[in-house]
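Undergrad: Mapping the sequence shown onto this note's numbering, position 71 (from 1) lands on 146, and the numbers just tick up by one.
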Amino acid sequence: MQDIRKALYVGSRSDGTLIERPMSPHLQVYRYRLSMVLSISNRITGVIATAGAALGVFWLGAAAKGPKSFATARKVTGNPLGKLVLVGWLASVVYHTVGGIRHLIWDAGYRYDKEELNKDGPVAVGVTAGVSTVLAVALLAVAGCRRSKRAKAGKVS
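1) Work out the CA separation of Ala148 and His171 for me, nearest whole Å.
2) Once the 5 residues before and after Ser167 are set aside, which same chain residues still bring their CB inside 6 Å of it?
3) Taking the beta carbon of Asp195 as the centre, do at least 16 other beta carbons fall within 10 Å, making it buried, or is it exposed?
4) Output the boundary residues of the beta strand (DSSP E) element that contains Ser87.
5) Please classify Ser116 as buried or exposed, where buried requires at least 16 neighbouring CB atoms within 10 angstroms.
6) Under the assumption that Ala199 contacts Leu113 (Cβ atoms under 8 Å), give the Cβ distance between them as a whole number of angstroms.
7) Can the beta-carbon of Val212 be found less than 8 Å from the beta-carbon of Val173?
8) Where does Arg222 sit, in a helix, a strand or coil, going by DSSP?
9) Count the other CB atoms, across all protein chains shown, that sit within 10 Å of the CB of Leu161; report buried if there are 16 or more and exposed otherwise.
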């Protein structure tokens with residue numbers, strides 16, 4: 076059986092002599108590493124953050140349209156699935172921000188050695204989990220307090 080890491084094709088130099096050149100490796104060649112997964116995740120969370128921002132624009136549009144439209148938007152964001160979507164959006168924005176800060180540090184020429192990359196990956200995941208959890212709990216607590224105040228005032232929604 077031929078080793079897939081030795082995938083070569085025959086090319087030619089500018090003088091016409093034939094030479095074996097390596098083919099671009101496929102994903103099967105690579106071992107999955109945390110840094111690889113985090114890089115892919117940073118791109119995915121960028122798309123999710125953009126989609127969430129579009130949902131935010133629709134929410135603002137409902138607020139501008141009037142109380143009936145805004146009440147519908149609040150029902151959507153107030154149910155458990157809506158809250159889960161909002162928490163997921165929050166986590167993706169936080170992770171994309173943390174990943175962006177990592178990239179800025181790398182662009183400045185720091186923390187780019189293999190050992191440092193491997194140490195920074197779990198830190199980025201931990202920071203994302205911690206900040207996302209604190210923000211989500213705080214936002215849900217504020218929403219709960221506001222809901223209880225409205226209920227006491229007789230404005231149940």
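Yeah, the Cβ is synthetic: ideal placement off N, Cα and C, and Gly gets one too. These numbers were taken from a predicted model, which means no experiment stands behind them.
TA: Reading from the atomic positions:
1) Position 96 of the sequence shown, counted from the first residue, corresponds to residue 171. Position 73 of the sequence shown, counted from the first residue, corresponds to residue 148. One C-alpha to the other measures close to 26 Å.
2) On the sequence shown, residue 167 is found 92 positions in, with the first residue counted as 1. Closer than 6 Å at the Cβ level, and outside the excluded window around Ser167, lie Thr120, Ile123, Ala124.
3) Within the sequence shown, numbered from 1, the residue matching residue 195 stands at position 120. The residue in question, Asp195, is buried, as its Cβ has 16 or more Cβ neighbours within 10 Å.
4) The residue labelled residue 87 in the question sits at position 12 within the sequence shown. Segment 83-87, the beta strand (DSSP E) holding Ser87.
5) Residue 116 sits at position 41 when you count from the first residue of the sequence shown. It counts as buried.
6) Counting from 1 along the sequence shown, the entry for residue 199 is found at position 124. Counting from 1 along the sequence shown, the entry for residue 113 is found at position 38. Sure, about 6 Å apart at Cβ, within 8 Å.
7) For the purposes of this step, residue 212 is taken as residue 137 along the sequence shown, with counting starting at 1. For the purposes of this step, residue 173 is taken as residue 98 along the sequence shown, with counting starting at 1. Against a cut-off of 8 Å, the Cβ pair of Val173 and Val212 comes out as no contact.
8) Taking the sequence shown and counting its residues from 1, one reaches residue 222 at position 147. Note: Arg222 maps to helix in three-state DSSP.
9) Here residue 161 is taken as the residue at index 86 of the sequence shown, counted from 1. Classification of Leu161: buried, given that the 10 Å Cβ count is 16 or more.
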